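Visitor: To start, I am sharing the structure in question, which I have written as structure tokens.
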Amino acid sequence: MSKRLKTQSNRTAWHWVLGAVVVLAAIAWAISTLWWSVTKDNDPSVANETTTAGFFVSLAALDVEENERAARVLDELVQAEPNEPALWANLAVAKLRLNDLESAKAALDQALSLAPTSRELLRLNAQYLEASGQVAAAIDVLRELHQQWPENIRVAFNLSTLLGQVSSETADEERLKLLSGILQSHPQNLRVRCESARLAATVSDSDSLRNAITWLKQNDSKWSDAQQQQIDQAAKAIEDGNDRQAAVALTFFENLSKPSAAYQRSLDELGILSVTAVGTPVRSFLSLNMPPAEASPADLGLQFSIDASPGKAARLDLILGVDQPGERCSTLLSLSGTTIHIQGSAALPFPGYTPDNALACLAWADLNDDFRPDLVFVGEQGWRVYLADDTEGFTELESPGDLKDQPWKSVWQSDVEADGDLDLFLSDHIGNLRCLQNDGAANLSAMENFPEIAGVIGFREIDFDSDGDIDYVCLDKKGNLTILNNQRGGRFTIESAFGESDQVAPITAITVADLNRNGHFEIVGATQSGQITTSEFDGETWQHTALLESGFSTVEESATKQTFAFLAAKDLDNNGAIDLVLSQANRSGVWLQGDAGHWHSIKTPNIQVTSVVDVDCDGLLDLVGQADHQPQLAINQSSANYQWHAISPQANTSAGDKRINSFGIGGTIEVRSGKTLQSQMIQSSRVHFGLGQHPQIDVARIVWPNGTSQAEFELANGQASVAAQRLKGSCPWVFTYDGTGYRFIKDFLWRSPLGLKINAQETAGVTQTEDRIKLPGESLVPHDGIYDIRITAELWETHFFDSVGLVAVDHPVDTEIFVDECFAPQREPIREVVVGTKTQPLKATFDMEGQSLDETLASNDGAFADHFPLGEYQGVASDHWVEFQFPEQARDTDDDVLLIGHGWIYPTDSSLNVAISQNEDVSPYGLILERRLPGESWTVLDDQLGFPAGKHKDVIITLSQDNLAANATYRLRTNMEIYWDSLRWSVKLPSDSLRQVELPTTKSELRQRGFSKLEPIKRRRPDTPIYRVERSQAIWMDLDGYYTRYGDVAELLHSTDDRYVIMNAGDEIALQFSADETPSPDMKRDFMLIGDGWVKDGDFNTAFSRTVRPLPSHDDIDYRGPHTELDQDPVFQKHPNDWRRFHTRYVSPKPFFQTLDRESDSANASPKQ
């Protein structure tokens, strides 16, 4: 029986009595504030607030490649401030990225006329010249700039790279000199070291080559066995006088080095990302004065006033503050004995509190995805779940019997599998941590095979390795930290954050924050000895730093009992820098972080702090706690008047989604306000950012817990940021040249997803690697004797193209051809071209609500049958169908009749399939054809029809005359999100009238392109790309590994042999085919594009979704691994030379996390003109 507990209808209003405390700020802060307030109004050389805000909004827009927005803002700013070169320069960048070269040149010329000697502008001019094909002129500009700015290694390396396009001995000598100069100041730069060595081998500079090998051998402790083998081969080749072979070995050495942290650091020094947008924005004014500081000065005058107005309790055991969705004020929860009160009114039974339960004895979490936080309590008498209802009451949910009455001390929430619902973690502080999986409806069950970690008293989410998925840091009662490294798909490995040589005192409390604003989250810990420390993973090892001394030692107390500690990282004074709050050893302290990263202790009330929240809705975070078993609220009295902003992350509330949990718990938000950058984990329904003197957030970039991202501009304070819904995986896109330009036709390779989860444990095998799609004749028009096709990779996927070919299909003009573009797991696709009479409309077509679809389904016009209700999950709907009848002429033949459906599917993905598999009420099924004769019930004709394999696809259903009956009604039924554009019929004809010719391939080139502009996205319309590059930088968390280098790839696409092109998001294969002789007037030409290969997406529940490996093979249908080093992979061992000649481009997900530029390049800050 469930037990319902109702909130009292008349809730008692809380009255906060706030003491008026007015204090003077510290001198440093006062001087800075005075400078800002006076000079900005009186000094014309200081940029006004409108110009400053607009400049940083446009800069943020350029960072996330919202180039049209940037151009709009800058067009207005240059009118208001026409003498500021930086505004004109960045307008040139925006126009350049929009491919408006004429406007870009005009803006850049204006910037250079205002600041002709500016180094930033000269470098930008070189970039413009290079982008417009004027390489020689760009080299001249960079030569001049290098003379002026020799310490800037980025300029030197850019110049060397451009000289590499000039085939001459003199250019190579100049390149070697430039690279040697870089190595003098940066001898550990592995990228330059490799380039220099390879170039020396190429030009037979024996002295430079031997010096390079000597350096590599002197650093042999850094290299793997495979790298060392290449060094040895290079050295032997030098001894044999074979410089060419030495160059080959050094090239492969560099390829093996690319994943290493040392190599990646060298790229950072050179300002190199795997893919960068055109043009480097100027990040500071060149004429006007900039506003001061990245973070505003700390408010050293901040004080707290004590408010005990929540009332006295006979004995208060605990008081907590939690964020309430849609509310600016936080909600207080107070526990006394066996009763917990919610904001002083709703009372719920608590299952036995003990003092060592500490703060984690309850979780405030939405377990059933109704956007109302539910409550989970743990205590000596077990754990209880109370679901919030729409009347502000709560209903007790029956807990699993085997765990319900066990004593528990702590509970935490997280989406363990990234399947869109919050799961729970339970600990009794002694035994192993237990994970309870949620099926999305708050039905919880113990997760099997979860790593065993005993005695956990602290638990936090953290992406410590910056790979996008949620890892966990666990604190045990002995003060040790353990890392649960997320391997995706609900699998974790146990790692330690400390090595044997790390001398760190036992830790009492932890939190997670980006204190130094570098975009990487650190573990912040309070130790028994009174230190506050940070631990940050640098890609190879953990770096531990003693941040400050709190003076709150618990060494003596810990010897006799477990002490209670609380640690939080929040911006209390709203200056734009994260502060620290620590309660330990019956003392509390607050340390404010200043603009230079300095820490300042301020006077703090002597209360046991339990929460840091905004109690009184004033935008200042207050301290919630207790003293002598009575509630104590320390109200923040900061008088700095700094700005602030609260972002409310939220999943899409509409039906047919459930990709992420209600409030995006486990995601991250990165904001830019002026020069200030901040990152925070999403831990509740409201994320608070202090902005200092900045009036607004210029841009907020949200990375949702499923790995997708979006940018928000000009957010209103407290405005909900709703997750945008667009597909993150849907296979490559095919564009064809139609005589006027390139247009999108349909997607490709839909049948062969690697590692796709079909439920929580199993992945789908790949038995159909070949895909065939129809290209209508009017969509592919010859020019200059060729047919031109582009295949683009634009989603969170890696594509493996083993072969691609084009077949011209000529057929009589009074016929149509059809290609089976359906995916049916239980049957092989129809491989031959099907020919039939011209398709005709069905009659009496209706949807399940009886609405006529005769007009909607008569032709392919972009009007879809879409009036069915969506289900809980993306890709799944309620049962829906189309009823229809065949006209009499369909039965006036002895031949089979073809039912041709043209439409698209909105698919699920691995994470959604995991979630669906846990919900017994949802079971997707494909297309079913049924028939009903007069006076009879429906009977199934075929229930193995599958579904359209992507967008704009044809489904061919063959009916014999035995299945056609007079006055019969048919229906095509499913509960998948399938949208029909047309349903028509045709009479099947013999194929002997067809002429099929495989057209010779004349060009196969892989190249970097970028991402297409999408037509306005509508939920019930397919994503439709326009062949126009909208942005170039990474928009997905790319799979780590080696991809095919750009250039000719004909050798890889010639045949199906496990030698393939490996494409990343943003790549394009440009294909050209020789145009065959024009068909006779009585024949019409269509085409069939045939491809073979695989697609692997980056979904956190797809098998091996972090990396390109394991490499797929036609011999490995199941794709179950193992995941090995590259040289141990069977495909590599079969074709090792392909990784020397073709797959030499290393890609990492790092650029995804560097979207908002955190460094302006110290060498890029030349003096004002």
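Position in the sequence shown counted from 1, then plus 11, gives you the working numbering. From the three backbone atoms N, C-alpha and C, an ideal C-beta is built for every residue, glycine too. No experiment lies behind these values; they were computed from the predicted model shown.
1) To which residues of the same chain is ILE42 closer than 7 Å at the C-beta, ignoring the five residues directly before and after it?
2) Return the chain-ordered list of same chain residues with a C-beta closer than 6 Å to the C-beta of ILE906, the five sequence neighbours on each side being excluded.
3) Please report how far the alpha carbon of THR615 lies from the alpha carbon of SER696, in whole angstroms.
4) Measure from the alpha carbon of THR1166 to the alpha carbon of each residue in THR1155, VAL714, SER790, then state which is nearest.
5) Determine, using beta-carbon pairs with one atom in the segment 1033 to 1048 and one in the segment 980 to 988, whether at least three such pairs fall under 8 Å.
6) Would you identify the three-state DSSP class for THR571, choosing helix, strand or coil?
7) Could you give the first and the last residue of the continuous alpha helix (DSSP H) run that contains ALA71?
8) Rounding to the nearest angstrom, what Cα-Cα distance links LEU767 and THR1113 in this structure?
9) Using only the alpha-carbon positions, how far apart do ASP1149 and GLU1062 sit?
10) Quick check on ASN169: buried or exposed, where buried means 16 or more other Cβ atoms within 10 Å of its Cβ?
11) Express the C-alpha separation of SER928 and ASN78 in angstroms, rounding to a whole number.
12) Within a Cβ cutoff of 7 Å, which residues of the same chain sit near VAL1142, ignoring the five residues on either side of it in sequence?
13) Is it true that the segment 912 to 929 meets the segment 1101 to 1121, where meeting means three or more beta-carbon pairs spaced less than 8 Å apart?
14) Given a threshold of 16 other Cβ atoms within 10 Å of its Cβ, counted over all protein chains shown, does TYR1054 qualify as buried or as exposed?
15) Taking the alpha-carbon positions, what's the ILE351 to LEU102 distance?
16) Can you name the start and end residues of the alpha helix (DSSP H) that ILE283 belongs to?
17) Report the partner residues of PRO823 according to the DSSP bridge assignment.
18) Give the DSSP bridge partners of ALA580, in chain order.
19) What whole-angstrom Cβ distance do PHE875 and ARG1031 have, given they're in contact under 8 Å?
20) Counting only runs that start and end within the segment 193 to 275, where is the alpha helix (DSSP H) found for 4 or more residues in a row?
21) Where PHE834 and TRP807 are concerned, what is the direct C-alpha to C-alpha distance, given to the nearest angstrom?
22) Given a cut-off of 8 Å, decide if LEU702 and GLY587 are closer than it, judged by their beta-carbon atoms.
23) Could you check how far apart the C-beta atoms of ALA1081 and LYS1024 are, in whole angstroms? I think they sit under 8 Å.
24) State yes or no: is the C-beta of GLY175 within less than 8 Å of the C-beta of ARG165?
25) So does the segment 250 to 264 actually touch the segment 194 to 204, counting three or more Cβ pairs closer than 8 Å?
26) Looking at PHE811: is its Cβ nearer than 8 Å to the Cβ of TRP1105?
27) Quick check on HIS656: buried or exposed, where buried means 16 or more other Cβ atoms within 10 Å of its Cβ?
28) DSSP on GLN1165, reduced to helix/strand/coil?
29) Comparing C-alpha positions only, which one of GLN604, SER277, TRP226 sits nearest to PRO308?
30) CB ASP432 to CB CYS446, shorter than 8 Å?
31) Quick one: residues in its chain with C-beta nearer than 7 Å to the C-beta of ARG499, no 5 flanking neighbours on either side, listed in chain order?
32) Less than 8 Å between the beta carbons of VAL818 and SER1002, yes or no?
33) Do GLY451 and ALA926 have their C-beta atoms closer together than 8 Å?
34) So, SER171 versus LEU190, is the Cβ gap smaller than 8 Å?
35) Quick one, which of GLY337, GLN335, LEU373 has its alpha-carbon nearest LEU346's?
36) Report, in whole angstroms, the separation of the C-beta atoms of ASP385 and GLY677, which I expect to be a contact under 8 Å.
Guide: According to the structure data:
1) Along the sequence shown, read from residue 1 onward, the residue named residue 42 stands at position 31. Its pLDDT being 40, under 50, ILE42 is placed unreliably in this model, and the value from its coordinates should be taken loosely. Here the set comprises nothing.
2) Counted from its first residue, the sequence shown places residue 906 at position 895. One point to set straight first is that residue 906 is Asp, not Ile, in the sequence displayed. Closer than 6 Å at the Cβ level, and outside the excluded window around ASP906, lie VAL998, LYS999.
3) To locate residue 615, count along the sequence shown from 1; it is residue 604. To locate residue 696, count along the sequence shown from 1; it is residue 685. Going by the C-alpha atoms only, they are around 27 Å apart.
4) As a first step, residue 1166 must be located in the sequence shown, where it is residue number 1155. Among THR1155, VAL714, SER790, the Cα nearest to that of THR1166 is on VAL714.
5) no
6) Residue mapping note: residue 571 aligns to position 560 of the sequence shown, counting from 1. Note that THR571 scores a pLDDT of 48, beneath 50, so its modelled location is shaky; the value from the coordinates is reported in the next line. Correct three-state label for THR571: coil.
7) Counting from 1 along the sequence shown, the entry for residue 71 is found at position 60. ALA71 -> alpha helix (DSSP H) spans 60 to 74.
8) Taking the sequence shown and counting its residues from 1, the one referred to as residue 767 is at position 756. Taking the sequence shown and counting its residues from 1, the one referred to as residue 1113 is at position 1102. The straight-line gap from Cα to Cα measures roughly 5 Å.
9) In the sequence shown, counting from the first residue as 1, residue 1149 sits at position 1138. In the sequence shown, counting from the first residue as 1, residue 1062 sits at position 1051. Those two C-alpha atoms are separated by around 10 Å.
10) In the sequence shown, counting from the first residue as 1, residue 169 sits at position 158. So ASN169 counts as buried.
11) The count along the sequence shown starts at 1 and reaches residue 78 at position 67. The count along the sequence shown starts at 1 and reaches residue 928 at position 917. Taking the straight line joining both Cα atoms gives about 41 Å.
12) Position 1131 of the sequence shown holds residue 1142. Answer for VAL1142: ASP1069, LEU1122, SER1124, listed in chain order.
13) yes
14) Indexing the sequence shown from 1 puts residue 1054 at position 1043. TYR1054 is buried by the Cβ-count criterion.
15) Position 340 of the sequence shown, counting from 1, holds the residue named residue 351. Position 91 of the sequence shown, counting from 1, holds the residue named residue 102. Roughly 58 Å separates the two Cα atoms.
16) Sequence index remark: in the sequence shown, residue 283 carries index 272 (1-based). No alpha helix (DSSP H) contains ILE283, which DSSP labels as neither H nor E.
17) One-based indexing of the sequence shown puts residue 823 at position 812. Answer by DSSP bridge pairing, in chain order: MET1094.
18) On the sequence shown, residue 580 is found 569 positions in, with the first residue counted as 1. DSSP, once it has assigned bridges, lists LEU591 as partnering ALA580.
19) Taking the sequence shown and counting its residues from 1, the one referred to as residue 875 is at position 864. Taking the sequence shown and counting its residues from 1, the one referred to as residue 1031 is at position 1020. Yes, PHE875 and ARG1031 are in contact; Cβ-Cβ is about 7 Å, under 8 Å.
20) 201 to 213, 217 to 229, 236 to 250, 254 to 268
21) Mapped onto the sequence shown, residue 834 falls at position 823. Mapped onto the sequence shown, residue 807 falls at position 796. Distance between the alpha carbons of PHE834 and TRP807: 21 Å.
22) Here residue 587 refers to the residue found at position 576 when the sequence shown is read from its first residue. Here residue 702 refers to the residue found at position 691 when the sequence shown is read from its first residue. The answer is yes: Cβ separation under 8 Å.
23) Taking the first residue of the sequence shown as 1, we reach residue 1081 at position 1070. Taking the first residue of the sequence shown as 1, we reach residue 1024 at position 1013. With a Cβ gap of about 19 Å, ALA1081 and LYS1024 do not count as contacting.
24) Here residue 175 refers to the residue found at position 164 of the sequence shown. Here residue 165 refers to the residue found at position 154 of the sequence shown. Against a cut-off of 8 Å, the Cβ pair of ARG165 and GLY175 comes out as no contact.
25) no
26) Mapped onto the sequence shown, residue 811 falls at position 800. Mapped onto the sequence shown, residue 1105 falls at position 1094. Against a cut-off of 8 Å, the Cβ pair of TRP1105 and PHE811 comes out as a contact.
27) In the sequence shown, the residue the question calls residue 656 occupies position 645. Flag for HIS656 reads buried.
28) By one-based count along the sequence shown, residue 1165 stands at place 1154. In the structure shown, GLN1165 sits in a helix (DSSP, three-state: H, G or I).
29) The residue given as residue 308 occupies position 297 in the sequence shown. Closest by alpha carbon: GLN604.
30) Position 421 of the sequence shown holds residue 432. Position 435 of the sequence shown holds residue 446. No, the Cβ-Cβ distance between ASP432 and CYS446 is not below 8 Å.
31) Numbered from its first residue, the sequence shown carries residue 499 at position 488. Counting only Cβ-Cβ distances below 7 Å, and skipping sequence neighbours, we find ASP480, PHE1111, ASN1112, SER1116, ARG1117.
32) Looking up residue 818 in the sequence shown gives position 807. Looking up residue 1002 in the sequence shown gives position 991. Not a contact, by the Cβ cut-off of 8 Å.
33) Position 440 of the sequence shown holds residue 451. Position 915 of the sequence shown holds residue 926. For GLY451 and ALA926, yes; Cβs fall inside 8 Å.
34) Translated into positions along the sequence shown, residue 171 becomes position 160. Translated into positions along the sequence shown, residue 190 becomes position 179. Their beta carbons are under 8 Å apart, which means SER171 touches LEU190 by this criterion.
35) Within the sequence shown, the letter at position 335 stands for residue 346. Per the Cα distances, LEU373.
36) Start at 1 with the first residue of the sequence shown, and residue 385 comes out as number 374. Start at 1 with the first residue of the sequence shown, and residue 677 comes out as number 666. With a Cβ gap of about 17 Å, ASP385 and GLY677 do not count as contacting.
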